[in-house]
Amino acid sequence: MVGLSAEAQIAALRAGEVSSADLVEEQLARAADDPWGSFLRLDADGARARARAIDAAPERPPLAGIPIAVKDVLSTRDIETTCGSRILEGFRPVYTATSVARLEAAGAVVIGKTNMDEFAMGSSTENSAYQLTRNPWDADRVPGGSSGGSAACVAARQAPWSLGSDTGGSIRQPAALCGIVGMKPTYGAVSRYGLIAFASSLDQIGPFARTVRDAALLLSHLVGRDPLDSTSLEWPEPVRVPTAERLDGLRVGLVQELMGEGTEPGVREAVERAMGVVEDLGGTVVPISLPSSEQGLATYYVIAPAECSANLARFDGIRYGARVAAETLLEHYEGTRGALFGPEVKRRIMLGTFALASGYYDQYYGRAQRVRTLIVRDFREAFAQVDLVASPTSPTVAFRLGERTDDPYQMYLADICTIPVSLAGLPALSIPCGLADGLPVGLQLAGPAFSENRLLDAAHALEQAIGFDTLPPGVEG
Amino acid sequence: MIDEETVRHVARLARLRLTPDEQVTMQRELSGILTHVDVIQGLDLDGVAPTTHVIALENVLRDDVPRPSLPPAEALREAPEVIEQAFGVPRMG
Chain A
1 MVGLSAEAQI AALRAGEVSS ADLVEEQLAR AADDPWGSFL RLDADGARAR ARAIDAAPER
61 PPLAGIPIAV KDVLSTRDIE TTCGSRILEG FRPVYTATSV ARLEAAGAVV IGKTNMDEFA
121 MGSSTENSAY QLTRNPWDAD RVPGGSSGGS AACVAARQAP WSLGSDTGGS IRQPAALCGI
181 VGMKPTYGAV SRYGLIAFAS SLDQIGPFAR TVRDAALLLS HLVGRDPLDS TSLEWPEPVR
241 VPTAERLDGL RVGLVQELMG EGTEPGVREA VERAMGVVED LGGTVVPISL PSSEQGLATY
301 YVIAPAECSA NLARFDGIRY GARVAAETLL EHYEGTRGAL FGPEVKRRIM LGTFALASGY
361 YDQYYGRAQR VRTLIVRDFR EAFAQVDLVA SPTSPTVAFR LGERTDDPYQ MYLADICTIP
421 VSLAGLPALS IPCGLADGLP VGLQLAGPAF SENRLLDAAH ALEQAIGFDT LPPGVEG
Chain B
1 MIDEETVRHV ARLARLRLTP DEQVTMQREL SGILTHVDVI QGLDLDGVAP TTHVIALENV
61 LRDDVPRPSL PPAEALREAP EVIEQAFGVP RMG
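Protein sequences, first through last, are from chains A and B. Under this note's numbering, think of the first position of the first sequence as 1, with each following residue one higher. Under this note's numbering, think of the first position of the second sequence as 1, with each following residue one higher.
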């Protein structure tokens with residue numbers, strides 16, 4: 001059963017071929033045998049109890065009894081939630097994130113919490129304070145990040161699907177590196193209530209899955225306004241599970257700035273082949289330019305750290321989490337935060353505090369917000385000419401563990417393709433489009449705000465025509 | 001470039017204690033990152049308004065309906081130190 005898509009698991013349950021208790025047991029067994037380091041903790045007892053209750057209930061909500069894994073950035077009532085950080089070691093939230101609560105209301109069974117870069121800051125999951133996560137395609141390589149555990153567990157068949165969060169690429173980039181589907185919806189699509197905040201003007205929750213249809217199905221249960229998140233939006237139309245087979249009339253713009261020398265040749269070739277498939281299916285491909293995207297990385301590394309420095313001020317060792325004993329209040333704050341935040345988190349808090357500090361604000365934060373306007377404008381102009389834009393999701397395939405940990409900027413470059421879309425708040429997804437040197441390559445498709453259905457249709461048609469096998473060598477199907 | 005004094009000042013603002021080694025590394029790494037970030041300094045941004053929020057929303061208000069809030073025992077249950085019905089902190093200094 002663990003090799004099946006969520007959709008196929010739902011069908012098997014409905015047909016009475018398997019019970020939720022058996023299905024959950026099978027996924028728990030696979031998740032407990034965790035050579036990849038996908039999970040920070042499993043909730044085996046809780047998942048078993050829920051599965052039994054669902055089997056016994058007369059009513060069958062749409063996702064009844066289907067297992068799911070959840071990134072440890074999402075609060076889960078009474079279940080330890082660390083966000084990959086020592087400062088939240090032992091923390092058991094008193095409420096559950098709206099996104100998780102909605103899936104549970106639809107019958108999904110959370111089996112465990114997945115590893116991540118501390119506070120979702122990183123592109124390799126190596127910034128977790130607890131453990132490394134390995135790429136199921138090559139155990140010496142990173143799964144991407146920050147949602148590395150959520151990506152690896154789906155690729156390794158430890159869960160049929162999972163939830164992640166994406167601030168600058170943290171769903172799309174690990175999906176690309178692990179050869180699966182990952183989607184960041186329009187900013188405001190999914191309630192952020194209970195999502196431990198990193199950069200509030202950018203953070204969005206979204207699905208990982210092995211098929212576009214599964215990603216769409218999961219997203220359909222996540223979107224919509226939540227009174228507990230004032231930035232969440234009324235959703236204009238239901239998210240549909242896609243059936244499109246053709247792309248007739250679809251205009252796709254291939255982003256020229258992301259197909260240059262900064263992108264590995266094998267990645268460029270796989271993306272170019274995918275553009276050939278777009279044309280085979282009746283679509284047209286034109287080159288498109290997003291000139292300000294060249295400043296995207298710089299802009300992001302002002303705005304995201306600035307917002308993080310404000311958001312992470314709440315971690316003070318007073319109301320929850322761990323603390324370091326001190327004589328005075330100031331020593332308590334500085335000692336607790338200095339000892340319990342990891343190096344990357346401290347770096348970003350410092351960078352953000354600097355960018356917001358008196359004397360530097362206009363030069364950094366003020367300017368970055370204005371460059372953000374130029375990036376938003378670039379996309380608007382692009383979408384006057386094309387329906388969707390395409391690019392690689394990551395400039396490289398999965399890199400080796402330890403390869404980029406010495407130079408923060410090298411790590412930041414991993415998100416160069418995904419960041420401009422985030423700054424513009426647009427929906428985007430990554431689908432696997434081939435292999436380079438035996439490792440998966442992700443194709444990123446992005447569209448105008450609220451174009452989720454069109455994106456999913458196009459991604460589904462492409463996925464079917466490309467026929468990528470998501471099973472990593474050495475992983476049992 | 002960021003000097004030693006700026007690193008100390010920013011660390012104090014951010015309530016982060018850095019070891020002497022961390023201060024040296026931080027100064028080097030932040031200076032390196034800012035070299036790249038400084039590409040935004042050369043752009044002509046005359047007349048360009050800042051973007052604070054990508055989706056235009058204004059004055060989002062919820063209905064003012066009373067509802068139960070977190071009971072004190074739950075609100076306090078995760079605190080490292082509780083004194084009566086309050087969070088315990090060290091003295092001000």
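All C-beta atoms in this analysis are idealised placements derived from N, C-alpha and C, irrespective of residue type, glycine included. In this text, all values refer to a predicted model and were calculated from it rather than measured experimentally.
Practice item. Please classify Thr-35 of chain B: is it buried, with 16 or more other beta-carbons within 10 angstroms of its beta-carbon, or exposed? Key: In the second sequence, counting from the first residue as 1, residue 35 of chain B sits at position 35. So Thr-35 of chain B ends up on the exposed side.
Point to revise | Local conformation of Gln-85 of chain B per DSSP, three classes | key: Walking along the second sequence from the start, residue 85 of chain B turns up at place 85. Coil at Gln-85 of chain B, not helix or strand.
Review point. Who pairs with Leu-533 of chain A in a beta bridge, going by DSSP?
Key: Chain A is shown only over 1 to 477; residue 533 of chain A falls outside these bounds and no answer can be derived.
Exercise for review: Would you kindly work out how many angstroms separate the C-alpha atoms of Leu-247 of chain A and Val-278 of chain A, rounded to a whole number?
Suggested key: The count along the first sequence starts at 1 and reaches residue 247 of chain A at position 247. The count along the first sequence starts at 1 and reaches residue 278 of chain A at position 278. Whole-angstrom Cα-Cα distance: 7 Å.
Point to revise | Residue range of the unbroken alpha helix (DSSP H) whose run includes Pro-67 of chain A | key: The residue given as residue 67 of chain A occupies position 67 in the first sequence. Unbroken run through Pro-67 of chain A is the beta strand (DSSP E), 67-71; no alpha helix (DSSP H).
Check your understanding: Does the region 143-150 of chain A come close enough to the region 37-47 of chain A to have 3 or more Cβ pairs within less than 8 Å?
Key -> In short, these stretches touch, since the Cβ pair count reaches three.
Review point. Below 8 Å between beta carbons: does that hold for Pro-440 of chain A and Val-397 of chain A?
Key: Looking up residue 440 of chain A in the first sequence gives position 440. Looking up residue 397 of chain A in the first sequence gives position 397. In this structure, Pro-440 of chain A lies near Val-397 of chain A, with their beta-carbon atoms less than 8 Å apart.
**Study point:** For Val-421 of chain A and Tyr-365 of chain A, believed in contact at Cβ under 8 Å, the rounded distance
**Key:** Here the question's residue 365 of chain A lines up with position 365 in the first sequence. Here the question's residue 421 of chain A lines up with position 421 in the first sequence. With a Cβ gap of about 21 Å, Tyr-365 of chain A and Val-421 of chain A do not count as contacting.
Review point. Using a C-beta to C-beta distance shorter than 7 Å, which residues of chain A count as neighbours of Met-1 of chain B?
Key: For the purposes of this step, residue 1 of chain B is taken as the residue at position 1 of the second sequence. Contacts between Met-1 of chain B and chain A, judged by CB atoms closer than 7 Å, are missing: the closest CB pair is about 12 Å apart.
**Study point:** Contacting residues, own chain, Cβ-Cβ under 7 Å from Val-18 of chain A (five flanking each side not counted)
**Key:** Locating residue 18 of chain A in the first sequence gives position 18, where the first residue counts as 1. If we look at Val-18 of chain A and ignore the five residues flanking it on each side, its Cβ neighbours are Met-1, Ala-12.
Review point. How about Thr-373 of chain A and Val-54 of chain B: are their beta carbons less than 8 Å apart?
Key: Taking the first sequence and counting its residues from 1, the one referred to as residue 373 of chain A is at position 373. Taking the second sequence and counting its residues from 1, the one referred to as residue 54 of chain B is at position 54. For Thr-373 of chain A and Val-54 of chain B, no; Cβs fall outside 8 Å.
Point to revise | Contact the region 304-318 of chain A vs the region 50-66 of chain B: 3+ CB pairs below 8 Å | key: Counting Cβ pairs under 8 Å, fewer than three are found: no touch.
Check your understanding: What does Pro-207 of chain A pair with, by DSSP beta-bridge criteria?
Key -> Sequence index remark: in the first sequence, residue 207 of chain A carries index 207 (1-based). Partner(s): A:Leu-163.
Point to revise | Partner residues on chain B for Arg-454 of chain A, Cβ-Cβ distance less than 7 Å | key: Numbered from 1 along the first sequence, position 454 holds the residue referred to as residue 454 of chain A. Chain B residues near Arg-454 of chain A: none, gap ~18 Å exceeds 7 Å.
Review point. Leu-401 of chain A to Gly-335 of chain A, Cα distance in whole Å?
Key: Walking along the first sequence from the start, residue 401 of chain A turns up at place 401. Walking along the first sequence from the start, residue 335 of chain A turns up at place 335. Distance between Leu-401 of chain A and Gly-335 of chain A, taken at the CA atoms: about 30 Å.
**Study point:** Within 7 Å of chain B by C-beta, residues of the region 297-309 of chain A in sequence order
**Key:** If the cut-off is 7 Å between Cβ atoms, the region 297-309 of chain A has Ala-298, Thr-299, Tyr-301, Val-302, Ser-309 near chain B.
Point to revise | Chain-ordered residues of the region 27-43 of chain B with a beta carbon less than 9 Å from chain A | key: Result list: Glu-29, Leu-30, Gly-32, Ile-33, Leu-34, Thr-35, His-36, Val-37, Asp-38, Val-39, Ile-40, Gln-41, Leu-43.
Review point. For a contact meaning CB atoms closer than 7 Å, what does Arg-62 of chain B contact in chain A?
Key: Position 62 of the second sequence, counting from 1, holds the residue named residue 62 of chain B. Chain A residues near Arg-62 of chain B: Pro-227.
Review point. Gln-158 of chain A and Arg-30 of chain A: beta carbons closer than 8 Å?
Key: Locating residue 158 of chain A in the first sequence gives position 158, where the first residue counts as 1. Locating residue 30 of chain A in the first sequence gives position 30, where the first residue counts as 1. Contact: yes.
Check your understanding: What are the uninterrupted segments assigned as beta strand (DSSP E) that are 3 or more residues long and contained completely in the region 269-335 of chain A, given in chain order?
Key -> 284-288, all fully within the region 269-335 of chain A.
Practice item. Starting from the Cα of Arg-380 of chain A, find the closest Cα among A:Pro-408, A:Glu-237, A:Ser-289 and give me that residue. Key: On the first sequence, residue 380 of chain A is found 380 positions in, with the first residue counted as 1. The candidate whose alpha carbon is nearest that of Arg-380 of chain A is A:Ser-289.
Check your understanding: Who does Ser-430 of chain A pair with in a DSSP beta bridge?
Key -> By 1-based counting over the first sequence, the position of residue 430 of chain A is 430. Bridge partners of Ser-430 of chain A: A:Gly-182, A:Gln-444.
Review point. With 16 as the cutoff for other CB atoms within 10 Å, does Thr-497 of chain A come out buried or exposed?
Key: The first residue shown for chain A is 1 and the last is 477, placing residue 497 of chain A beyond what the model contains.
Review point. How about Arg-240 of chain A and Gly-442 of chain A: are their beta carbons less than 8 Å apart?
Key: One-based indexing of the first sequence puts residue 240 of chain A at position 240. One-based indexing of the first sequence puts residue 442 of chain A at position 442. No, the pair does not count as a contact, with Cβ atoms beyond the cut-off.
**Study point:** Closest by C-alpha distance to Tyr-95 of chain A, when choosing among A:Tyr-187, A:Leu-195, A:Phe-119, A:Ile-180
**Key:** For the purposes of this step, residue 95 of chain A is identified with residue 95 of the first sequence, where counting begins at 1. Measuring from the Cα of Tyr-95 of chain A, the nearest candidate turns out to be A:Leu-195.
Practice item. Using beta-carbon positions only, say whether Gly-65 of chain A and Val-100 of chain A come within less than 8 Å of one another. Key: Position 65 of the first sequence, counted from the first residue, corresponds to residue 65 of chain A. Position 100 of the first sequence, counted from the first residue, corresponds to residue 100 of chain A. No. Outside cutoff.
**Study point:** Three-state class that DSSP yields for Ala-49 of chain B in the structure shown
**Key:** Indexing the second sequence from 1 puts residue 49 of chain B at position 49. Of the three classes helix, strand and coil, the one that applies to Ala-49 of chain B here is coil, per DSSP.
Practice item. Answer with buried or exposed for Gly-359 of chain A, where buried requires no fewer than 16 other C-beta atoms within 10 angstroms of its C-beta. Key: What you label residue 359 of chain A is simply residue 359 of the first sequence in a count that begins at 1. By the 10 Å Cβ count, Gly-359 of chain A comes out exposed.
Exercise for review: Over the uninterrupted beta strand (DSSP E) stretch that includes Ala-478 of chain A, give me the two end residues.
Suggested key: Summary: the structure shown does not reach residue 478 of chain A, with chain A confined to residues 1 through 477, and so no result is reported for it.
**Study point:** Partner residues on chain B for Gln-369 of chain A, Cβ-Cβ distance less than 7 Å
**Key:** For the purposes of this step, residue 369 of chain A is taken as residue 369 along the first sequence, with counting starting at 1. The answer, in chain order, is Pro-50, Thr-51, Thr-52.
Review point. Is Glu-58 of chain B close to chain A, meaning its C-beta is less than 8 Å from at least one C-beta of that chain?
Key: Your numbering for residue 58 of chain B matches position 58 in the second sequence. The beta-carbon of Glu-58 of chain B is placed no less than 8 Å from the nearest beta-carbon of chain A.
Review point. Would you say Gly-188 of chain A reaches chain B, if we count a Cβ-Cβ gap shorter than 8 Å as a contact?
Key: Your numbering for residue 188 of chain A matches position 188 in the first sequence. Chain B, which has a Cβ nearer than 8 Å to the Cβ of Gly-188 of chain A, makes this yes.
Check your understanding: Run through DSSP, which three-state label would Arg-48 of chain A get?
Key -> To locate residue 48 of chain A, count along the first sequence from 1; it is residue 48. Helix, per DSSP.
Check your understanding: Residues in its own chain within less than 6 Å of Phe-383 of chain A by CB, not counting five upstream and five downstream?
Key -> As a first step, residue 383 of chain A must be located in the first sequence, where it is residue number 383. Contacts found: Pro-448.
Exercise for review: List the DSSP bridge partners of Gly-112 of chain A.
Suggested key: The sequence position of residue 112 of chain A within the first sequence is 112, counting from 1. A:Leu-42, A:Ala-69.
Practice item. Compare the beta carbon distance of Tyr-361 of chain A and Ile-33 of chain B with 8 Å and say whether it is the shorter of the two. Key: Against the first sequence, residue 361 of chain A aligns to sequence position 361. Against the second sequence, residue 33 of chain B aligns to sequence position 33. Judged by their CB atoms, Tyr-361 of chain A and Ile-33 of chain B are not nearer to each other than the 8 Å cut-off.
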